[in-house]
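Visitor: Please find one structure pasted underneath; my questions will follow.
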Amino acid sequence: MGALDQIRQKMVADMEEVGGRHDEPEIYDGEPGDPGLAGGPGSMSWEINGDIGVIGVAGSAAIVMEVLHPSVMAGVFTQSSYRTQPLQRARNTLGYVLRTTYGSTPGATAVIERVKRIHTRVGGVRPDGREYQALDPELIAWVHTCIPWAIMTAFDRYRRPLTIAEKDRYLAEQAVIGRMGGAESVPGSVAELDDFVESMRPELAVNEQTRSFIRFLAEGTIGDDVAGRRERADRWLGLRGSMMLMPAWARELTGLEHGNVAARLASERYEQLKANLGRWAAPVLPCEEMARRRAADGGPESADGPNRAAAPLSA
Ligand code: HEM
0 MGALDQIRQK MVADMEEVGG RHDEPEIYDG EPGDPGLAGG PGSMSWEING DIGVIGVAGS
60 AAIVMEVLHP SVMAGVFTQS SYRTQPLQRA RNTLGYVLRT TYGSTPGATA VIERVKRIHT
120 RVGGVRPDGR EYQALDPELI AWVHTCIPWA IMTAFDRYRR PLTIAEKDRY LAEQAVIGRM
180 GGAESVPGSV AELDDFVESM RPELAVNEQT RSFIRFLAEG TIGDDVAGRR ERADRWLGLR
240 GSMMLMPAWA RELTGLEHGN VAARLASERY EQLKANLGRW AAPVLPCEEM ARRRAADGGP
300 ESADGPNRAA APLSA
């Protein structure tokens, strides 16, 4: 095996350790011809959500944006096992995106229903005294929206520029999943996304729980190792790099802003390199391959995936 193959295999093993493998037959196999919930082959969702490099870059920003809503923060802070099982949480969150995009219709629907059942138990009182329930349609809409918003922005910046029409298609495909997850109204176009984010801004805030959560993302223990100085510095950099996908007001609110233009430029190149490396190591994920076989109804030609390996390796 060549040195490059060895590097690629090691990267895939590392990525799978953090994010999981995502090849469960009960989710991704199924009735021949079933496109699943997000549009199937040819959809924007299948093109964008299979780019693991892009998802890796977008993940932290999506999570930080979600918890900028103090009700979401309170739920995660008090009822999630993110401190004791951070890898499991990361896998389940990534798994949700992949399963709802590439899963068979019954497989993806069952995943959504299971997560909804978990959310029926999530609720309580925020530090400021306000009550919340995870299944509040507005909260579901907010958390749902942060995920495709961050991924779409990362794809547009680090993979290829998207037209407004392509972004509209992607958001409309993903909105189906948000509504099934319990949201009543979910942005299905760029214009609706902008309006929704503006309408939510007065609700968003950083409190002690948010600060502690962000510190955990950057400095907390992952696996058995206590994060060393270098790893902590790298994780702060990654968080700031990911948050560059988001508007300036969100970076200012969270304090996740690079100090100067030179740092921003260097960080953007680093994020580009990470996106390219992830895509190079795993150009087509097992779940996408399985879904393409399923949806193609056995026809080998339509089972061909996108050529994500064509991206350059340099930043
Ligand atoms: C569409 C919106 C949402 C999505 C896609 C989502 C996704 C998920 C997923 C995939 C899990 C993991 C289930 C598992 O362990 O397999 C989960 C658990 C959880 N979610 Fe959500 N969620 C959403 C909204 C919310 C909201 C609004 C809140 C809080 C107000 C919340 C708080 C939690 C908590 C506390 C858990 C339990 C995590 C644990 O066991 O550690 N979620 N969610």
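With numbering that gives the first Met the number 0 applied, the sequence shown covers 0 to 314.
For each residue, glycine too, the CB sits at the ideal point set by N, CA and C.
How many angstroms separate the CA atom of alanine 290 from the CA atom of phenylalanine 154?
Guide: 21 angstroms
Visitor: Of the choices Pro201, Met43 and Asp167, whose alpha-carbon is the least far from that of valine 185?
Guide: Asp167
Visitor: Serine 103 to isoleucine 26, Cα distance in whole Å?
Guide: 6 angstroms
Visitor: Out of Arg228, Pro69 and Tyr157, which one is the CA nearest neighbour of proline 201?
Guide: Pro69
Visitor: Whole angstroms is fine: what's the gap from glutamate 137's alpha carbon to alanine 182's?
Guide: 6 angstroms
Visitor: Please report how far the alpha carbon of methionine 242 lies from the alpha carbon of serine 59, in whole angstroms.
Guide: Distance from the CA of methionine 242 to the CA of serine 59, rounded to the nearest whole angstrom, comes to 7 angstroms.
Visitor: Could you check whether the Cβ of glutamine 173 sits closer than 7 angstroms to any heavy atom belonging to the ligand HEM?
Guide: no
Visitor: Taking 7 angstroms as the cut-off, is the CB of leucine 36 close to at least one heavy atom of the ligand HEM?
Guide: no
Visitor: Please list the segments of the alpha helix (DSSP H) lying wholly inside the stretch 2-69, counting only runs of 4 or more residues, in order along the chain.
Guide: 2-18, 24-27, 43-48 and 51-66
Visitor: May I ask you to report which of helix, strand or coil DSSP gives valine 124?
Guide: strand
Visitor: For the beta strand (DSSP E) holding glutamine 173, just list the boundary residues, first then last.
Guide: Per DSSP, glutamine 173 belongs to no beta strand (DSSP E); it is in the alpha helix (DSSP H), 163-179.
Visitor: Quick one: does the C-beta of tyrosine 169 sit closer than 7 angstroms to a heavy atom of the ligand HEM?
Guide: Not under cutoff, so the answer is no.
Visitor: List the endpoints of the continuous alpha helix (DSSP H) containing tyrosine 157.
Guide: 136-157
Visitor: Which first and last residues belong to the beta strand (DSSP E) in which tyrosine 269 is found?
Guide: It is not in any beta strand (DSSP E) - tyrosine 269 instead sits in the alpha helix (DSSP H) that spans 260-280.
Visitor: Please state whether the Cβ-Cβ distance between arginine 293 and glycine 122 is less than 8 angstroms.
Guide: No.
Visitor: Please report how far the alpha carbon of tryptophan 248 lies from the alpha carbon of arginine 263, in whole angstroms.
Guide: 16 angstroms
Visitor: Using the Cβ count rule (16 or more neighbours within 10 Å means buried), how would you classify glutamate 197?
Guide: exposed
Visitor: Taking the beta strand (DSSP E) that glutamate 324 falls in, what are its first and last residues?
Guide: Outside the displayed range of the chain (0 to 314) lies residue 324, so it cannot be described from this structure.
Visitor: Using a threshold of 7 angstroms, is the CB atom of glycine 74 nearer than that to any non-hydrogen atom of the ligand HEM?
Guide: yes
Visitor: Please determine, among Asp50, Leu36, Ala280 and Ser211, the residue with the shortest C-alpha to C-alpha distance to tyrosine 101.
Guide: With distances taken between CA atoms, tyrosine 101 lies nearest to Leu36 out of Asp50, Leu36, Ala280 and Ser211.
Visitor: Expressed to the nearest angstrom, what Euclidean distance is found between the alpha-carbon atoms of threonine 83 and isoleucine 62?
Guide: Cα to Cα, threonine 83 sits roughly 17 angstroms from isoleucine 62.
Visitor: With 16 other CB atoms within 10 Å as the buried threshold, where does glutamine 8 fall?
Guide: With fewer than 16 other Cβ atoms from the protein chains shown falling within 10 Å of its own Cβ, glutamine 8 counts as exposed.
Visitor: Cutting at 8 angstroms between CB atoms, please list the residues of its own chain near asparagine 206, excluding the five before and the five after it.
Guide: Pro69, Met72, Pro126 and Asp127
Visitor: Just to confirm the assignment, what range does the alpha helix (DSSP H) spanning histidine 118 have?
Guide: 104-119
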